[in-house]
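Enquirer:
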Amino acid sequence: MIRPSWMRLLLALLVCLALVPATTHGDARRDGSAAPVLGCDDLGELMTYYLRRHVRYGEVDEGLRERTSATYMERVDPQRTLFLAAESRRWQKRLQGAFDGIRGGQCAPLQELREEVTKRLAAEEAAVRAFVKAPDYRVDEKARLVLDPEKRGWPKDAATRDELLRTLSHFQISNYLNAKIQPDEAEDKLVHRYELRTRRWNEQSQEELFAGFLNSFANALDPHSVYLSADDLEDFQIGMQLSLEGIGVALSERDGYAVVEEIIPGGAADRLRVLKPQDKIIAVAEENGRFVDVIDMRLRDIVRLIRGRKGTQVRLTVLRQGDEIERFEVAIVRDKIDLEEQAAKLRVEEREIEGRKLRLAVVELPSFYGDRDPSKRQGSRDLARILEDAKEANADGLLLDLSRNGGGLLEDAVRISGFFISEGAVVGIRGTTERSRVLNDSDESVQYRGPLVVLTSRVSASASEILAGALQDYRRAVIVGDDQTFGKGTVQSVFPLPPGLGALKVTTALFFRPGGASTQAAGVASDVVIPSPFNLDLFGESKLPYSLPPQSVSPFPSGEANAGNGEGWTPVTPDLVAELRARSEARQRTDEALQKVREELAERARDDGVLEIAEILRPEKKTDTASLGEGLDVGVAPGAASPETAAAESAGRARRDEKTPQLEEALRVLADLVVLQTREVGAREVGAAR
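Numbering (our numbering), first residue to last: 4 to 693.
(1) Tell me the rounded alpha-carbon separation between F559 and R155.
(2) Is it the case that the Cβ atoms of R132 and V194 are separated by a distance below 7 Å?
(3) So, helix, strand or coil for I616, using DSSP?
(4) Would DSSP call S255 helix, strand or coil?
(5) Can you tell me whether E153 is helix, strand or coil according to DSSP?
(6) Report the partner residues of Y53 according to the DSSP bridge assignment.
(7) Are the beta-carbon atoms belonging to K491 and E544 less than 7 Å from one another?
(8) If I follow the unbroken alpha helix (DSSP H) through N397, where does it start and stop?
(9) Please confirm whether T488 and V531 have their CB atoms less than 7 Å apart.
(10) In or out: F331 buried (at least 16 other Cβ within 10 Å) or exposed?
(11) Where R117 and E237 are concerned, what is the direct C-alpha to C-alpha distance, given to the nearest angstrom?
(12) Could you give the distance in angstroms between the alpha-carbon of V40 and the alpha-carbon of A466?
(13) Below 8 Å, how does it come out for the region 344-355 and the region 389-397: are there three or more Cβ pairs, yes or no?
(14) What residues match up with R359 in a beta bridge as DSSP calls it?
(15) Closest Cβ-Cβ distance between L390 and chain D: below 7 Å?
(16) State the DSSP-derived secondary structure class of Y260, mapped to helix, strand or coil.
(17) Assuming I494 contacts I432 (C-beta within less than 8 Å), just tell me the rounded distance between them.
(18) With distances taken Cα to Cα, identify the nearest neighbour of M2 among R607, A223, L87 and R418.
(19) Three-state secondary structure (DSSP) at K183?
(20) Ends of the beta strand (DSSP E) at L113?
(21) Are the CB atoms of A364 and L403 nearer to each other than 7 Å?
(22) Thinking just about the alpha-carbon of each residue, which of T522, A471 and S561 is nearest to the one in P552?
(23) Here's the rule I'm using: 16 or more other beta-carbon atoms within 10 Å means buried, otherwise exposed. How should D511 be labelled?
(24) Taking the runs of the beta strand (DSSP E) that are 3 residues or longer, which of them lie wholly in the region 430-463?
(25) Just to confirm my understanding: we take D151, look at its own chain, exclude 5 residues before and 5 after, and list those with CB closer than 6 Å. What are they?
(26) Using a threshold of 7 Å, state whether the C-beta atoms of S550 and P226 are closer than that.
(27) Can you list, in chain order, the residues of its chain whose CB lies under 8 Å from that of G583, leaving out five sequence neighbours each side?
(28) Measure the alpha-carbon distance for Q95 versus D273 and round it to whole angstroms.
(29) Taking G100 as the reference, which of V63, L504, D191 and A88 has the closest Cα?
(30) Between which two residues does the alpha helix (DSSP H) holding V306 run?
(31) Of the choices K339, V449 and A596, whose alpha-carbon is the least far from that of G706?
(32) Just tell me which of R92, R384 and R478 has its CA closest to the CA of Y75.
(33) In angstroms with no decimal places, state the Cα-to-Cα distance between L666 and L547.
(34) To the nearest angstrom, report how far apart D258 and A189 are at their CA atoms.
(35) Just curious, the beta strand (DSSP E) that E508 is in, first and last residue?
(36) Suppose the cutoff is 7 Å on Cβ atoms and the five residues either side in sequence are ignored; what does the same chain contact list for E144 look like?
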């Protein structure tokens, strides 16, 4: 529990800095430390703090109680198999009625629901084991499943639930078979996954139980308000700073094993050159300490064991699958890891148009990153250097790729916007608990004044939408890509709690473009549409539960944005945009790769969300059904990644140097822009001479 003196300080200040230890009535931490943990008595005061800071909701009403209860039930039963529809409604009503009591420190209903889920998980595990281990079990290739649990809802009766569980088992087994796993082993793996799910739920701490409810409350306010546990906060800070200390491997969890997915370039493991992708880590030891068995351990706990201070040693026991299974130990000295994959990058492409050879700079910016410490890495500093490199390379035009940028530091986005305009307003911010304000670029210099195209997608969100929106409103750049960006136009503030308790992430305001429009829900519309595989309505803020509605304000553009002393840039006129659009559309009609994207998008738009097992097992058809297994992890991950970040990570799994058809067409648009703007400037100069 947070001591009352701490909570009064938290409610009085925007940021709470821990200066003395806080007492706790909750569990001890998993690592045995004396750091405070979240307790039931803390929930009410933390909820109050959310309401004091939130942009829209200032008090609890029946709608908020209802949304919180519904969200919590979805958290504990994500696949809709543990409870019948009537049972789920009863529990939601129970939690709704107990809401004020929980705020007052009476968490018995949460404990009762936990015990009920425990019993049902054990029963479901036994049912799956009996079903797939029956002597006559065969995969039913005619079985059909509505993939989205929300669409299929909770079962109406026990018979429907049992049939759903059998269908899910068929689909999960078929996924293993599709991966060339033998039937007996596939059955064993599925049973083990259900066993592991039950174990994970039973291992859930009191802190995690309360965090789950607090997160349900935060998510009921809007999709981006969230409670960050201490581990979540550490991950959040790593993502912002692009730096951590460890061994430099990306891990995933498969069937109870921590599997090496990627060796991060430049990290300690990369330099040692012993670990390989697909290796399984089965034990971890610190320095000369005893090994800890990590099979079936939660991935988050394994990562905690492997991470550590620079210069310290960690030892791993590893299994490697080959013709024979190899088991070995490796000692790695931890070091600082720069997450280069998320840093800005430059390359120069050459293109020829109308007999003219062009050098086109491509700048990929996957996030807006940085740290208040000036000695640490900053996205804007990296980009300033890159723009100088582009000028030294005699680039005729620049393509800024934000197509997998899910956002990041607002201040960095404002600074980067200023690289392309002289000075002026970049973004307006308005909240209910703070005065409206405008963030400006105050630097009169323009780091790059040549032709500029910005590539976006439905994944581009938050700070990337601020940058794209400002450049579009000032007619500084041509925006190309999906029909619109993600549409996240809200501001989140992170308020740290005492050490060990994490932080509150609260939506405190909305963003507004210089033209007065909000990017909320609507995003930034492309001047030239170049569809990607994400160009579907299911990707975007408006599809998220409880997303906030858009607003607008009076326009506030700055006339000083384009310098009038010959040091400015050539505005993108509506006629020029129309010409670029016409040229691109003509090319896209004959571009096989982009036509294939459009066909796949049309097919997905027609998809009714129902899948037949035969489609998974068909050799010539590759079907992604990996998400069917994800619902086996129940209710123990309070700090999930934000929706826009998850989308950006999904988009970023492809190699960064892969030349997509969207990027290729964006370069063609840039080449057109260079030629047309050069022609336009030349015509103006001739006219002025006359």
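Here a beta-carbon is modelled for each residue, glycine too, at the ideal position from N, C-alpha and C.
Expert: The short version:
(1) 46 Å
(2) yes
(3) helix
(4) strand
(5) helix
(6) According to DSSP, Y53 bridges with nothing at all.
(7) yes
(8) No alpha helix (DSSP H) holds N397; DSSP gives it neither H nor E.
(9) no
(10) exposed
(11) 27 Å
(12) 32 Å
(13) yes
(14) I356
(15) The structure shown contains no chain D, having only a single protein chain.
(16) strand
(17) In the sequence on display, residue 494 carries Val and not Ile. Confirmed, Cβ separation roughly 6 Å.
(18) Any question about residue 2 goes unanswered here, given that the chain covers just 4 to 693.
(19) coil
(20) Per DSSP, L113 belongs to no beta strand (DSSP E); it is in the alpha helix (DSSP H), A111 to V135.
(21) no
(22) T522
(23) First, the residue type needs correcting, since residue 511 is Thr and not Asp in the sequence shown. Under this definition T511 is a buried residue.
(24) 440-444 and 455-459
(25) G612
(26) yes
(27) In the sequence as presented, Gly is not what sits at residue 583; that position holds Leu. The residues are V481, D530, V531, V672, D675, L676 and L679.
(28) 49 Å
(29) V63
(30) L302 to I309
(31) Outside the modelled stretch of the chain, which goes from 4 to 693, sits residue 706, for which no answer is possible.
(32) R92
(33) 28 Å
(34) 11 Å
(35) The residue you asked about is not Glu; residue 508 is Lys in the sequence shown. Residues A506 to F515.
(36) I616, A617 and L620
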